[in-house]
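Enquirer: One structure is given below, represented as structure tokens, and several questions about it will come after.
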Amino acid sequence: KAKGAGRKRFHIYEAAYKYDHVENFIHELALSHAIEKEELYVQYQLIYHPAKQVVIGAEALLRWNCSARGIVQPNNFIPVAEETGLIVDIGYWVIRQACKDWHLLQKEYGDEFKLSVNISRVQLNEEDFVDQIMQIVREEEVAPPSIELEITESTTVHSMQDVQQTLHRLRAHGFTIALDDFGTGYSSLSMLTLLPIDKLKIDRSFVADGNAPLIAAMLAMASALQLQVIAEGIETYEQYMMLKEMGCWGVQGYYINRPMNRDLLPKQTEIGRAAGITTRE
Ligand code: C2E
Ligand code: MG
Ligand code: MG
Ligand code: MG
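Right, here's the structure in full:
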């Protein structure tokens, strides 16, 4: 029996059994063809530097235009992709796409412009992840410092030492690492000093709650650890001003711009004005 094929089939059965949802099983089959059928695409959400009032980067957010279901949001298919291991190939596809788009976006937003890509725990656990990502950036002629890898706290709960080592190797190549959804995971604060990271992304729930004391505490802690901070989920002018006045390094959210296709992103000169950021001050 061919080992590879058997293993793949087992994964799919195993996952279907686990979910006990015939529907999920069908979605997995559809997702396994999504790359070849060119149903995946990436949208970008700009990251804005409130002090300098310039765009400093963007986050790549994956979407799936499924022939049966229409446009599917990542929360509705990434977990399935992780369970089945499909996220590995999908993840490499996203990184390559982000590299291709970086060349075009950098022309508009400047040399300092970084593209952030979300990386799942399953991807990080791949033994050759570092080699594969290095090959992609070489082929696409993007320097690693132009790419930021976003990991979540839950990424780090299992096999802490392996994760540490992989992140160290990625940083040695020049990639920067951001800890995503900070504050929502179940990791201890000590992880912040154990993990080689460059940035914290404060989860949008803290911004939505208007929890200023807690945000201030996170900013102080990040500053002491020499980490930059991006606040997620900025939806209003008031939230924007609060984070700006607190000295937050970067902000991201619907108030700045919604995630959108690369071609539709606002120009550097338009973004502050469009969001009412520069005119209302
Ligand atoms: P995330 O990395 O924390 O991404 C931010 C999410 O917040 C995005 O949801 C974005 O559309 C949404 N968002 C941004 N600004 C606002 C705002 O002002 N208000 C509100 N309510 N939401 C806002 P999205 O695109 O649905 O992605 C959800 C999650 O899926 C991401 O959370 C990330 O964990 C995961 N994901 C997305 N793309 C990829 C990918 O290529 N690979 C992997 N492994 N995960 C991905
Ligand atoms: Mg993210
Ligand atoms: Mg997040
Ligand atoms: Mg998330």
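Taking UniProt numbering, the leading residue of the sequence shown gets 278, the next gets one more, and so forth.
Idealized CB from N, CA, C, for every residue including glycine.
Remember, it's a predicted structure, so these values are computed and weren't measured experimentally.
#1: On the criterion of 16 or more Cβ atoms from any shown chain inside 10 Å, does Q529 qualify as buried, or is it exposed?
#2: Only counting runs of 4 or more residues, tell me where the alpha helix (DSSP H) segments fall wholly within the stretch 320-383, in order along the chain.
#3: Using a threshold of 8 Å, state whether the C-beta atoms of E312 and D366 are closer than that.
#4: Tell me G527's beta-bridge partners as DSSP assigns them.
#5: Spatial neighbours of Y531 within its chain, please: CB distance less than 7 Å, with the 5 preceding and 5 following residues excluded, ordered by chain position.
#6: Is D405 helix, strand or coil when you go by DSSP?
#7: By the three-class DSSP mapping on this structure, what secondary structure does N538 have?
#8: Sorry if obvious, but does the Cβ on S482 come closer than 7 Å to a heavy atom of ligand 1?
#9: Using only the heavy atoms of ligand 3, determine whether one of them is closer than 7 Å to the beta carbon of D486.
#10: With distances taken between CB atoms, is the gap from L444 to P473 smaller than 8 Å?
#11: Specify the secondary structure class of Y532 as computed by DSSP and reduced to three states.
#12: CA-CA distance, N342 and L382?
Expert: From the atom records:
#1: For the purposes of this step, residue 529 is taken as residue 252 along the sequence shown, with counting starting at 1. Buried: at least 16 other Cβ atoms inside 10 Å.
#2: Those alpha helix (DSSP H) runs which fall completely within the stretch 320-383 and span 4+ residues are 355-361.
#3: Sequence index remark: in the sequence shown, residue 312 carries index 35 (1-based). Sequence index remark: in the sequence shown, residue 366 carries index 89 (1-based). In the sequence as displayed, the identity of residue 312 is Ile instead of Glu. Contact: yes.
#4: The residue you call residue 527 lines up with position 250 of the sequence shown. Per DSSP, I507.
#5: In the sequence shown, residue 531 corresponds to position 254, counting from 1. The answer, listed in chain order, is E512.
#6: Within the sequence shown, residue 405 is the residue found at index 128, counting from 1. Coil.
#7: On the sequence shown, position 261 is the one that residue 538 refers to. In the structure shown, N538 sits in coil (DSSP, three-state: anything other than H, G, I, E or B).
#8: Residue numbering aside, residue 482 sits at position 205 when the sequence shown is read from its first letter. No, ligand 1 has no heavy atom inside 7 Å of this Cβ.
#9: Reading the sequence shown from its first residue, position 209 is the one you call residue 486. No, Cβ of D486 sits at least 7 Å from all heavy atoms of ligand 3.
#10: Residue 444 sits at position 167 when you count from the first residue of the sequence shown. Residue 473 sits at position 196 when you count from the first residue of the sequence shown. A Cβ-Cβ contact shorter than 8 Å links L444 with P473.
#11: Taking the first residue of the sequence shown as position 1, residue 532 is located at position 255. Residue state, collapsed to three classes: coil.
#12: By one-based count along the sequence shown, residue 342 stands at place 65. By one-based count along the sequence shown, residue 382 stands at place 105. Just so you know, the alpha carbons of N342 and L382 end up roughly 23 Å apart.
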